[in-house]
Amino acid sequence: MKLKYSKEWCAKRIDLEGESEVGAGYLPAATENAEKDKVTFVDTRIALGAFVSLWRRNQGWDAARLAEKAGLEPQEILEIEHDPHCEPEPETVRKLAKVFGLPAKPLLELAGLTEPQTAALREEAVRFAARSESVAELNKHEREAFEAFVTAIARSVGRKK
Amino acid sequence: MQAYCAKRLPAGKPEDYHWDWQQKAGWWRPLLGYHSFALLCRNELQGMMLVSDFNSARLQEHFGKPIVYVVFLATAPWNRPEFQKPTRYRGVGSMMIRAAVELSFDLGFRGRIALHSLPAAELFYRDNCKMTELGADAAHQDLMYFEMTSNQAETFRQRP
Chain Y
844 MKLKYSKEWC AKRIDLEGES EVGAGYLPAA TENAEKDKVT FVDTRIALGA FVSLWRRNQG
904 WDAARLAEKA GLEPQEILEI EHDPHCEPEP ETVRKLAKVF GLPAKPLLEL AGLTEPQTAA
964 LREEAVRFAA RSESVAELNK HEREAFEAFV TAIARSVGRK K
Chain P
2 MQAYCAKRLP AGKPEDYHWD WQQKAGWWRP LLGYHSFALL CRNELQGMML VSDFNSARLQ
62 EHFGKPIVYV VFLATAPWNR PEFQKPTRYR GVGSMMIRAA VELSFDLGFR GRIALHSLPA
122 AELFYRDNCK MTELGADAAH QDLMYFEMTS NQAETFRQRP
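Residue numbers (my numbering), protein chains in the order written: chain Y, 844 to 1004; chain P, 2 to 161.
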């Protein structure tokens, strides 16, 4: 990638910026471990939401059908899919894991309900979320991302960070 | 940076005083999802930035879409008025944010970028870069989280 800014742009931005503080990142209170802990719960919950959405679409199910199969309210499914700040109940996640035929532990981890066990899973989760788009049918790209993530969840059981 | 700050401002440390850039560069250099930028002038480091390309947007209008996330951004202490007046250079923050925006376009993310601002820099990202403020992030030291949409990115690069 080649960066090229016009002189006019630079001159105006320099004037605008003046002597402003521009720092972004972490405050000193964060430990270096926190810096290494690059993925937040919000990120992994976005991945969890995208996963739930793609899983049911892969089956051709709407949110109501998945809720019925899992013994949950449709609203709970929609919250998990669309609100990364929502912390689902552990039982809700376990019920979903049962319907998905996947181990509950990694899904609980993605939901921020257990201590992270596998850094690789969290990295995988964020990559997965970044590749998922909210469209009606799974495209080839999404299907590949979805299948790779299912594999990562399955492999993560028993693996320590 | 720590040595420079210690000489000039032993009591009042800047918000990013603790950052060890050498160590940071070592951690992230081998990882494919990270890109580091350094701004040099007259063979001297004026600012540094580290970004990642695998995060997702949180703003409703582009929720879940890929975004360039600014992990760290800092200017050299000699470009900050609390250490040196007049400062040697200005505009380092704008140059770096523009680089993040250009990377986002280059990756096909349409200019979307995000970051957690240090408290003293919130004004810069809100009023100067015209980014959208999504509130304090409890999962990130309660620092203010900002995102730049595609339209905001276009405006930022076209009309300073």
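Even for Gly, the Cβ is constructed at its ideal location relative to N, Cα and C.
It should be emphasised that the depicted structure is a prediction, and the values quoted were computed from it without experimental measurement.
Unbroken alpha helix (DSSP H) run spanning residue 940 of chain Y, endpoints:
In the first sequence, the residue the question calls residue 940 of chain Y occupies position 97. Residues 933–943.
By the three-class DSSP mapping on this structure, what secondary structure does residue 146 of chain P have?
Counted from its first residue, the second sequence places residue 146 of chain P at position 145. Strand, per DSSP.
Any beta-carbon of chain Y closer than 8 angstroms to the one on residue 78 of chain P?
The residue labelled residue 78 of chain P in the question sits at position 77 within the second sequence. Cβ-Cβ to chain Y under 8 angstroms: no for residue 78 of chain P.
Coarse secondary structure for residue 929 of chain Y, derived from DSSP in three states
If you number the first sequence from 1, residue 929 of chain Y lands on position 86. DSSP places residue 929 of chain Y in coil when its eight states are reduced to three.
To which residues of the same chain is residue 42 of chain P closer than 7 angstroms at the C-beta, ignoring the five residues directly before and after it?
Stepping through the second sequence from its first residue, residue 42 of chain P is reached at position 41. 90, listed in sequence order.
Which residues of chain P have a Cβ atom closer than 9 angstroms to the Cβ of residue 929 of chain Y, listed in chain order?
In the first sequence, the residue the question calls residue 929 of chain Y occupies position 86. Within 9 angstroms Cβ-Cβ: nothing; residue 929 of chain Y doesn't reach chain P, min ~13 angstroms.
Taking Cβ to Cβ, would you say residue 923 of chain Y is nearer than 8 angstroms to residue 929 of chain Y?
Residue 923 of chain Y sits at position 80 when you count from the first residue of the first sequence. Residue 929 of chain Y sits at position 86 when you count from the first residue of the first sequence. Contact flag set, yes.
Which residue's Cα is closest to the Cα of residue 895 of chain Y: Y:932, Y:942, Y:965, Y:853?
Position 52 of the first sequence, counted from the first residue, corresponds to residue 895 of chain Y. Of Y:932, Y:942, Y:965, Y:853, the residue nearest in Cα terms is Y:942.
Which of helix, strand or coil DSSP assigns to residue 1 of chain P
There is simply no residue 1 of chain P to check, as chain P begins at 2 and stops at 161 in what is shown.
Partner residues on chain P for residue 856 of chain Y, Cβ-Cβ distance less than 8 angstroms:
Position 13 of the first sequence holds residue 856 of chain Y. Within 8 angstroms Cβ-Cβ: 92, 95, 96, 99, 161.
Thinking C-beta only, is residue 119 of chain P closer than 8 angstroms to residue 147 of chain P?
In the second sequence, the residue the question calls residue 147 of chain P occupies position 146. In the second sequence, the residue the question calls residue 119 of chain P occupies position 118. No, the Cβ-Cβ distance between residue 147 of chain P and residue 119 of chain P is not below 8 angstroms.
Report all residues from its chain with a CB closer than 8 angstroms to the CB of residue 914 of chain Y; omit the five preceding and five following residues, and keep chain order.
Translated into positions along the first sequence, residue 914 of chain Y becomes position 71. 938.
Proximity winner among P:35, P:92, P:96, P:101, relative to residue 860 of chain Y (alpha-carbon distances)
Walking along the first sequence from the start, residue 860 of chain Y turns up at place 17. The candidate whose alpha carbon is nearest that of residue 860 of chain Y is P:92.
Assuming residue 94 of chain P and residue 863 of chain Y make a contact with CB atoms under 8 angstroms, what is their CB distance in whole Å?
The residue given as residue 94 of chain P occupies position 93 in the second sequence. The residue given as residue 863 of chain Y occupies position 20 in the first sequence. Correct: roughly 7 angstroms between the Cβ atoms.
Since residue 893 of chain Y meets chain C, which of its residues come closer than 9 angstroms, beta carbon to beta carbon?
Absent here is chain C; the protein component of the structure consists of chains Y and P.
Residue environment, residue 86 of chain P, which counts as buried when at least 16 other CB atoms sit within 10 Å:
Taking the second sequence and counting its residues from 1, the one referred to as residue 86 of chain P is at position 85. Exposed, since its Cβ has fewer than 16 Cβ neighbours within 10 Å.
Three-state secondary structure assigned by DSSP to residue 130 of chain P
Taking the first residue of the second sequence as position 1, residue 130 of chain P is located at position 129. Three-state result, residue 130 of chain P: coil.
Beta carbon of residue 72 of chain P nearer than 8 angstroms to that of residue 51 of chain P:
Translated into the one-based positions of the second sequence, residue 72 of chain P becomes position 71. Translated into the one-based positions of the second sequence, residue 51 of chain P becomes position 50. Taking 8 angstroms as the Cβ cut-off, residue 72 of chain P and residue 51 of chain P qualify as a contacting pair.
Give a yes or no on whether the C-beta atoms belonging to residue 159 of chain P and residue 132 of chain P are separated by under 8 angstroms.
Along the second sequence, one-based indexing puts residue 159 of chain P at 158. Along the second sequence, one-based indexing puts residue 132 of chain P at 131. Contact flag unset, no.
If you measure from the beta carbon of residue 84 of chain P to each beta carbon in chain Y, is any gap under 8 angstroms?
Residue mapping note: residue 84 of chain P aligns to position 83 of the second sequence, counting from 1. Cβ-Cβ to chain Y under 8 angstroms: no for residue 84 of chain P.
Taking the C-alpha atoms as reference points, what is the distance between residue 988 of chain Y and residue 912 of chain Y?
For the purposes of this step, residue 988 of chain Y is identified with residue 145 of the first sequence, where counting begins at 1. For the purposes of this step, residue 912 of chain Y is identified with residue 69 of the first sequence, where counting begins at 1. Straight-line Cα distance between these residues: approximately 24 angstroms.
Does any C-beta atom of chain Y lie closer than 8 angstroms to the C-beta of residue 119 of chain P?
Here residue 119 of chain P refers to the residue found at position 118 when the second sequence is read from its first residue. Chain Y, which has a Cβ nearer than 8 angstroms to the Cβ of residue 119 of chain P, makes this yes.
Grab me the residues of residue 60 of chain P's own chain with a C-beta within less than 7 angstroms of its C-beta, minus the 5 sequence neighbours each way, in chain order.
One-based indexing of the second sequence puts residue 60 of chain P at position 59. The answer, listed in chain order, is 133, 135, 148, 150.
Cβ closer than 7 angstroms: which chain Y residues qualify as neighbours of residue 103 of chain P?
As a working note, residue 103 of chain P is residue 102 in the second sequence. Those within 7 angstroms of residue 103 of chain P in chain Y are 844, 846.
For the alpha helix (DSSP H) that residue 989 of chain Y lies in, which residues bound it at each end?
Counting from 1 along the first sequence, the entry for residue 989 of chain Y is found at position 146. Its alpha helix (DSSP H) spans residues 983–999.
Rounded to the nearest angstrom, what separates residue 79 of chain P and residue 57 of chain P at their Cα positions?
Locating residue 79 of chain P in the second sequence gives position 78, counting from the first residue. Locating residue 57 of chain P in the second sequence gives position 56, counting from the first residue. Each residue's Cα considered, the two are about 34 angstroms apart.
Identify whether residue 141 of chain P lies in helix, strand or coil by the three-state DSSP scheme.
By 1-based counting over the second sequence, the position of residue 141 of chain P is 140. Residue state, collapsed to three classes: coil.
Label residue 947 of chain Y either buried or exposed according to how many other C-beta atoms from any shown protein chain fall within 10 Å of its C-beta, with 16 as the threshold for buried.
Numbered from its first residue, the first sequence carries residue 947 of chain Y at position 104. The residue in question, residue 947 of chain Y, is buried, as its Cβ has 16 or more Cβ neighbours within 10 Å.
Could you tell me which chain P residues have their CB closer than 8 angstroms to the CB of residue 916 of chain Y, listed as they occur along the chain?
Counting from one through the first sequence, the residue named residue 916 of chain Y turns up at place 73. The premise fails here: residue 916 of chain Y is roughly 22 angstroms from chain P at the closest Cβ pair, so nothing lies under 8 angstroms.
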